[in-house]
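Report on the structure given below.
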Amino acid sequence: GGRVVEGSMVVSQRGGGAGVLVSVGLLATYFALHVLFNIYNKWLFSGPVPAPLFITATHQGFCFLGALMFALCSPHHWYKRTPLEGSAMYTNLLIISVGFCLNTALNNVSLMHSTLALNQLVRAFAPVSIAVAAYYVQGRRPSLTKQWALVALVFGITMGLVSSPDFEMVGFLLCAASVMGLTSQVTLSASILGGDRIPLKTLDVIIYTAVPSIIILLPFAYLSGENDVTAQALQTIGLSRLVGLVVTGGALAFSYSIATVALIKYTSSAYYAAAGGFKLVMVMGFSFIAFDQQMSIPSLCGILIACAAFNANSFITFKETASTRPGGRKGRGGGRKKGGRLEDGDSTDEDDRTGLLSGNPKSIDDV
């Protein structure tokens, strides 16, 4: 069902029952962890421990420890650390660390002031903001079909937000800021690095960026008074439960990162991008089951339009990416450079490169 290409597992084009089952299993695991992680964070930040910056830092800590333990315990032929060399590598790692804080941390903060459904609706604006930034920064124009999908996406998001009974301006602004953080992260990586090829493995990215992200997050957590909030939560729920909640969140964060990596490695980043629309719909749907959220008829129509447009954009991206390579894949082999990509040194197949720790697409091509 699958074949090995220099350490990277991909699904054989000839198919096979085992390969299909593995792919379906990875996809189901990825969706389940994504939905569970979002619901867990919303519940945690809205109730027991309303300290999103501190908790996000602990998530990074668990990801760092998990990746480090795997790196130390794995056989040499499984993983060999890539040394830090060159200004391009340092630049992209810094962009990832800062971008993670602006993107994921601000998104977690917004969960305190917004319903999960509206949070995901605002997050669906990311393809639009990245496409606009790519046009102004790099002169890259999306295809006509993608432009229509993005227009429908903007219309659906706007309609869903302004007519929602749960709309809160603070939550909207924080979530919108997190989307701008993601946009800056992707466009800066592509524009600043140009054609530099950066051969980093996925574990390298986790190990090298987790600690800088923690260093950035903790001072802001202290300045925002989360130390007092955490101390109050400690008195309210007790040490054992607080530790249990932190460990659970950290385990989910690391498991989600590994599931994302495995999905991309076994299929491709194009399939991962196509799955983005479905995970958005799933989180929105389950959020109404898990939480008490309100919805008007116009808001429901807007959400449905946005979900359809987001899925259409994901499908168009998948088709455009697949059509650029003969037989469904680009030719392999050295020498080719992709602007601003963190490339996985375990593989020479361009589409088996793993994305960022946060699970975001690694380049504008994948959005």
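Using our numbering, the letters of the sequence shown correspond one by one to residues 1 to 367. Note that the Cβ used here is the ideal one computed from N, Cα and C, for glycine as well.
Query	Result
Sufficient close CB pairs (3 or more, under 8 Å) joining the region 115-125 to the region 277-285	yes
Proline 142 versus threonine 187: straight-line alpha-carbon distance, rounded	15 Å
Integer-rounded CB distance, given that tyrosine 40 should sit under 8 Å from leucine 252	6 Å
Run of the alpha helix (DSSP H) containing arginine 123, from where it starts to where it stops	116-123
Inter-residue Cα distance where the pair is glycine 66 and arginine 241	22 Å
Helix, strand or coil at glutamate 168 according to DSSP, with G and I counted as helix	coil
Euclidean distance between Cα positions of proline 83 and valine 162	49 Å
Rounded separation between tyrosine 321 and leucine 144 - CA only	Going by the sequence as given, residue 321 is threonine instead of tyrosine. Cα to Cα, threonine 321 sits roughly 15 Å from leucine 144.
Nearest-angstrom beta carbon gap, methionine 112 and phenylalanine 212 [assumed within contact, 8 Å]	The question names phenylalanine, but residue 212 is proline in the sequence shown. So it is not a contact: roughly 25 Å between Cβ atoms.
Whole-angstrom distance between alanine 231 and lysine 330, CA atom to CA atom	Note that lysine 330 has pLDDT 46, beneath the 50 cutoff, so the model's placement of it is unreliable and no number is given.
Beta-carbon separation (whole angstroms), alanine 177 vs leucine 106, contact threshold 8 Å	5 Å
C-alpha gap between threonine 260 and methionine 295, whole angstroms	31 Å
For valine 49, the three-state DSSP class (helix, strand or coil)	coil
Three-state secondary structure (DSSP) of arginine 141	coil
Short Cβ contact (9 Å threshold) for threonine 209 with leucine 93	yes
Residues of its chain near leucine 174, where Cβ-Cβ distance is below 7 Å and the 5 sequence neighbours each way are ignored	Leu106, Val109, Ser110 and His113
Valine 20 versus phenylalanine 37: straight-line alpha-carbon distance, rounded	25 Å
C-alpha distance - leucine 234 paired with histidine 76, whole-angstrom precision	42 Å
Counted within 10 angstroms of its Cβ, other Cβ atoms place serine 97 as buried (16 or more) or exposed	buried
Spatial distance of isoleucine 303 from glutamate 168 (CA atoms)	16 Å
Lysine 265 in three-state terms, based on DSSP	helix
Top-ranked residue by Cα proximity to glycine 181, from Ile95, Ile216 and Ile214	Ile95
9 Å Cβ cutoff met for leucine 53 and alanine 309	no
Sub-9 Å separation of isoleucine 157 and alanine 275 beta-carbons	no
Beta carbon of leucine 217 nearer than 9 Å to that of alanine 57	yes
Coil, strand or helix - serine 23 by DSSP	helix
Phenylalanine 100 classed as buried or exposed, judged by whether at least 16 other C-beta atoms fall within 10 angstroms	buried
Helix, strand or coil at arginine 241 according to DSSP, with G and I counted as helix	helix
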